[in-house]
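So in my numbering the end of the sequence shown lands on 96, straight run, no missing numbers.
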Amino acid sequence: MAPTIDELMMKRLPAAFAPEQAQGLAATIQFDFSLDGGGQYVVTIRDGRCEVSAGRVEQPDATLLTSQETYLAVAEGRTNAMTAFMMGKLRVSGNLPLLMRFQQMFPTLRAD
């Protein structure tokens, strides 16, 4: 059974974090799932740790705006993030190289 977006963000994302891929990185990423009525989450990567909280932050380094459905499909490997971006289903702002690096920092993230 597919997880909820809350389970994916709050439990699976931190568990999949690979600190060796984030050495020296301090970043805040805003995830906004409001395209289909979902919530908002803040992912903070600092000092080799990843913390996720529900809500918003004023000035994130990068923001990802998408639907819950699209992000779950990307996390499950059913949709490629670049394809979703090109189709307008995933919008980004801020530090694009940071978002491109995101998948490397969470190599085992899969919504089994």
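Glycine included, every Cβ here is placed at the ideal spot set by N, Cα and C.
Practice task
Starting from the Cα of P91, find the closest Cα among T(-12), F1, Y55 and give me that residue.
Solution key: F1
Practice task
Confirm, please, whether the CB-CB distance from R40 to Q52 is below 8 Å.
Solution key: no
Practice task
Let me know the secondary structure DSSP gives L35 once reduced to three states.
Solution key: The question names Leu, yet the displayed sequence has Glu at residue 35. Residue state, collapsed to three classes: strand.
Problem - 8 Å Cβ cutoff, Y55 in contact with chain B - result: Judged by its chain identifiers, the structure shown contains no chain B, having just a single protein chain.
Problem - Span separating the alpha-carbon of G21 from that of M(-7) - result: 16 Å
Practice task
Let me know the secondary structure DSSP gives P91 once reduced to three states.
Solution key: coil
Exercise for the section: Determine the extent of the beta strand (DSSP E) in which A11 is found, giving its start and end residues. Expected result: 11 to 16
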